[in-house]
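Report on the following structure.
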């Protein structure tokens, strides 16, 4: 007898296992892990909700979003709450885990609206998650304010009535790397060959198209445009192709697990381009912690830094790090600002009526910790971008020079 | 999934040159070793207890987290840390079978199967609670080293995984074939009642097998952490890959698990040189279906 350990194949087991896996998908998809007490909206409270990625591929963003939203709500409650209907009312925040899954996000937002009776909703992070929740809020005519979604992807969905976005514009982002290289006199020190690696989510596809356009505009040659599913973990062939292309510039759009795998595979294959950004994936501190020194030199599009001259910017970083003991991320600022904008609008409306809050959001014109916020007709408020770089575990602003907090590492070590 | 995006991947079809093809075969062969290691425990539990262990993916992730804790907090290299992780996983796995699953197996397979499903959900939530949902990775210096020979460059950790695959499957095969424990396992697998009559403590043997399967999963988890990254919910991916490997190799066959892993690794890797990494899973599943249509019992399975 060989080392076989099997008995007669039980015919019922494989179909049963498949059924259980299917059931698991449904159960996990619908159940959300609440991080706040349950209970519906009542007359003595203002209730706002959010479904954010506490687990899954985008969890690196969720922890910062959670802090930002809670921070803004806590600040209001410490002052006695919001002046609504002629009296001060405490604000209750309902947070659910969307597990980085659009289906879970939309189900969670639906639950917040129909079961928890929230007065308004704050957004998740990245287009698939934010849009999934936004369309539910829009359908239910509930005000929805979101950070963390590039504005082109937000605009592309529809003409919004109840959803509002505060973030950067991807067109500016995709041009900035090339502008920075020109400004710093580094463009001619590269061979002007670009490899683009991106996942097949809307963000990835949109960035790929915009990078191609930007490369053409600035006189670069895109020698590779490689696409992969968002859950991809193995990148041998992709990196082999990028290395063979000889590109000095690698631009990527992917989630953090993929960014970690790509960076490790590039190092293992001995491929070191001169400039690299793995956008979205390389942004959370968890990326830098996971790959260690391999993070050094990777670019991060940045809309906020504690050094920026916005009210409370430096203090926000200190508060986050004192609260959590963790290194800050710029996402504490846009989430805090999004929540502040929503809370201010509720107070300006003086009511928890959706129409009144929505009108007040549209009239927003305020200085926030992430910069001035005023919405355009398409319901977007644009945050200007700078370029930062991972340097020894810290995000250092390297361009433009008047905002730089350090010198650029070039070429990539 | 965006259909236009998929079309652009199809448009990226390219015929690799000879060097790329050889690199893909070598890389796939080595990566297949990792597939085999992560599937071995699943194969053993199925082969001996006829149990589809739905918490297997979480056992892999648990191994990765244990190595992460040792590496991050105590500075113990992940490969050295395996000396702690592996026995710890056995200690965790053994009572799962003895206390939770053994009493249920007597009542049919469904209760035990659903229990492992419940355990997987509990484990995922515990991981989030303890480690947060953040992506983690094991990154000692050699995790980004490469092996170069004859103009072929592959990640060194793939080579390490391959060595572990050979050693683990070889050792498992030897133990099953040439030791008293192996005889007890095989007897318990073939006919637990007869084995019990002959003096084999079947419940203890099941516990030993589950513990050993957890040990293998833990080693697989450390290798996954070195090669890629992991999150609390990564286990599902490795459970599904494990299913493919185990069915491909022949349910419950140790040799088959090794061959199934290597085959899947090579097919995915070679296929990706034609269609790109984006089509790895697609290519692997198509090959899986073709092989099963030609040989439904897998490489080392018995024909029905």
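Chains as they are written, first to last, in the numbering used here: chain A, 115 to 527; chain B, 104 to 407.
Each residue gets a CB set at the ideal place from its N, CA and C atoms; glycine is no exception.
Nearest C-alpha to residue 176 (chain B) among B:122, B:234, B:141, B:140: B:234.
Non-local C-beta neighbours of residue 361 (chain B) in its own chain, meaning closer than 6 Å and more than five positions away in sequence, comprise 139, 272, ordered along the chain. Residue state for residue 445 (chain A) is assigned as helix, using DSSP reduced to three classes. Closer than 8 Å to the CB of residue 169 (chain A) there is at least one CB belonging to chain B. Closer than 7 Å at the C-beta level to chain B, one finds these residues of the region 370 to 386 of chain A: 370, 371, 374, 375, 378, 379, 381, 382, 383, 384.
The straight-line gap separating the alpha-carbon atoms of residue 152 (chain B) and residue 399 (chain B) is approximately 21 Å.
Going by DSSP, residue 337 (chain A) is part of the beta strand (DSSP E) stretching over 335 to 342.
Listed in chain order, the beta strand (DSSP E) elements of length 3 or more contained wholly in the region 374 to 428 of chain A are 389 to 394, 413 to 416. Residue range 284 to 297 is occupied by the alpha helix (DSSP H) that includes residue 284 (chain A).
The C-beta of residue 177 (chain A) comes closer than 8 Å to at least one C-beta of chain B. Under the 8 Å Cβ criterion, the region 490 to 501 of chain A does not count as touching the region 392 to 404 of chain A, having fewer than three qualifying pairs. For residue 308 (chain B), not one C-beta of chain A is nearer than 8 Å to its own C-beta.
Contiguous beta strand (DSSP E) elements confined to the region 208 to 271 of chain B occur at 249 to 252, 255 to 258, taking only those with 3 or more residues. The count of Cβ pairs closer than 8 Å, one atom from the region 249 to 262 of chain B and one from the region 407 to 425 of chain A, stays below three, leaving the stretches out of contact.
Linking residue 261 (chain B) to residue 192 (chain B) through their CA atoms gives a straight-line distance of about 23 Å.
Boundaries of the alpha helix (DSSP H) around residue 188 (chain A): 173 to 192. From the beta-carbon of residue 342 (chain A), the residues of chain B found nearer than 9 Å are 112, 379, 380, 381, 382, 383. Judged by beta-carbon spacing, residue 158 (chain A) lies beyond the 8 Å limit of residue 280 (chain A), meaning their Cβ atoms are not closer than that value. Between residue 288 (chain A) and residue 325 (chain A), the C-beta gap is smaller than 8 Å, which places the two residues in contact. When B:314, B:380, B:397, B:364 are compared, the shortest CA-CA separation from residue 348 (chain A) is found for B:380. Between the beta-carbon of residue 353 (chain B) and that of residue 402 (chain B) there is about 5 Å, and that keeps the pair under the 8 Å contact cut. Judged by DSSP secondary structure, residue 260 (chain A) falls within the beta strand (DSSP E) whose first and last residues are 258 to 260. Residues are counted here when their Cβ sits less than 7 Å from a Cβ of chain A; for the region 239 to 252 of chain B these are 239, 240, 242, 246, 247, 248, 249, given in chain order.
DSSP places residue 313 (chain A) in the uninterrupted beta strand (DSSP E) bounded by 307 to 313. Contact annotation: in the region 130 to 145 of chain B, residues whose CB is within less than 9 Å of a CB in chain A are 130, 131, 134. As DSSP reads the structure, residue 509 (chain A) sits in a beta bridge with A:504. C-alpha of residue 215 (chain A) to C-alpha of residue 194 (chain B): approximately 34 Å in a straight line. In the structure shown, residue 274 (chain A) adopts coil according to DSSP, grouped into three states.
Residues of chain B with a Cβ closer than 7 Å to the Cβ of residue 349 (chain A) are, in chain order, 380.
For the 8 Å CB-CB criterion, residue 451 (chain A) and residue 236 (chain A) do not form a contact. Here residue 130 (chain B) has 257, 261, 372 as same chain residues with Cβ atoms under 7 Å from its own Cβ, once five neighbours each way along the sequence are excluded. The beta-bridge partner set that DSSP reports for residue 486 (chain A) consists of A:481. From the beta-carbon of residue 408 (chain A), the residues of chain B found nearer than 7 Å are 247. Under the criterion of beta carbons closer than 8 Å, residue 322 (chain A) and residue 339 (chain A) qualify as touching, at roughly 6 Å.
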